[in-house]
Amino acid sequence: MSNSPNVTVVDLETYRSNPDLYTNKHYYKVCIIHPKSILHYPNKSVTIDKTALVFTNPLLVYNWEPVSKKQIGYSCLFNPTFLATNTTELEKNNPLFKVDANNVIYLNPDQEKHITSLYLKIKEELNSSYKNKEAVVSNYISLILHEALKINSDFGTNSPKCAASRITSLFIEQLNRQFPIKDANKTISLKTPNDFSTFLSVHINHLNDSVKSITGKSTSTHIKEKIIVEAENMLYNTDLNISEIAFCLGFKYPNNFSKFFKTNTGKSPLEFRTVTL
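Per the working numbering: the sequence shown = residues 208 to 484.
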């Protein structure tokens, strides 16, 4: 396990042809599977005859038997260390991962398209050189779990909750999409909850209530935490001066950025850069 990644995504054809690489019992797995295959458990077998999300945990004993000649889909594997470090209590204690849970959730075409796009974004992020890519990946995994909870009627998700989850997904996606910043002459365009509510065409109160109900954090907190992470990344990994970093992160005046950074980290930007370099 020492040489295993905290999180990875593989397509099912690769998974199928190299099963020994991905059978580590320490992994949690979230797989999107299409078309036909069979999951064998000690006391039952489940035939998957249409696109489904499948959730497994390290304690679940099972065997995956591909039936169709070609398997389409992805498996996202992550270990408890990744869960503890990068995800919220929802992911650590998610009912979808419980041994006695309904861990096969079928998808309609629209759901399949949306969730597949999240897997592709995870693959793209993992292949990037971004310092904090695992934090971004954890957000995408969180969105997949939320989508599954919405779909699975066993958990009693209602329409308002679905709408709140969808708005939250869009908010987090747009927040992450602004980073990393590669052009010192450009500044982020979405800097406040009002900016996001205008961009997403939802009332500010509805956005704030939705994000708070789904994540437990306010919209402002998400934005603040993201900007702090990106500021630290730019101070550590780039040669941009403090004024340039402040501009990129949406601060009109460098002093405002310095005050914001010190309030939230306990160090000035210059102190942080001096200590970490």
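Just so you know, even glycine gets a beta-carbon here, dropped at the ideal spot from N, CA and C.
LEU327: buried (16+ other C-beta within 10 angstroms of its C-beta) or exposed? Here residue 327 refers to the residue found at position 120 when the sequence shown is read from its first residue. Per the 10 Å Cβ criterion, exposed.
Quickly, what does DSSP pair PHE262 with across the bridge? List them, please. Within the sequence shown, numbered from 1, the residue matching residue 262 stands at position 55. VAL237.
Is PRO212 helix, strand or coil when you go by DSSP? Position 5 of the sequence shown, counted from the start, is the residue given in the question as residue 212. Coil.
Whole-angstrom C-beta distance between LYS393 and CYS455, which should lie under 8 Å: Working through the sequence shown from its first residue, we reach residue 455 at position 248. Working through the sequence shown from its first residue, we reach residue 393 at position 186. CYS455 to LYS393, Cβ: 7 Å. Contact.
Using 10 angstroms around the beta-carbon of ASN365, count the other beta-carbons present and answer buried if the total reaches 16, otherwise exposed. For the purposes of this step, residue 365 is identified with residue 158 of the sequence shown, where counting begins at 1. Unreliable positioning characterises ASN365 in this predicted model, as indicated by a pLDDT of 44, which lies under 50. The coordinate reading is nonetheless provided below. Counting Cβ neighbours within 10 Å, ASN365 comes out exposed, since fewer than 16 surround it.
Are the region 416 to 429 and the region 312 to 325 touching, with three or more C-beta to C-beta distances below 8 Å? no
Mind checking SER376: buried by the 16 CB within 10 Å criterion, or exposed? Mapped onto the sequence shown, residue 376 falls at position 169. That one is buried.
CB of ASN213 within 8 Å of CB of ASN315, strictly: As a first step, residue 213 is located in the sequence shown; it is residue number 6 there, counting from the start. As a first step, residue 315 is located in the sequence shown; it is residue number 108 there, counting from the start. No, Cβ-Cβ distance for ASN213 and ASN315 is not below 8 Å.
With a 10 Å radius around its C-beta and 16 neighbouring C-beta atoms as the bar for buried, classify TYR347 as buried or exposed. Taking the sequence shown and counting its residues from 1, the one referred to as residue 347 is at position 140. The residue is buried, with at least 16 neighbouring Cβ atoms inside 10 Å.
Can you tell which of ILE395, TYR235, PHE289 has its C-alpha closest to the C-alpha of PRO302? Your numbering for residue 302 matches position 95 in the sequence shown. Measuring from the Cα of PRO302, the nearest candidate turns out to be TYR235.
Which residue from GLN318, PRO273, ASN339, LEU284 puts its Cα closest to that of LYS433? Against the sequence shown, residue 433 aligns to sequence position 226. Looking at the Cα atoms, ASN339 is the closest of the given residues.
May I have a chain-ordered list of the alpha helix (DSSP H) segments no shorter than 4 residues that lie completely inside the region 431 to 459? 449 to 455
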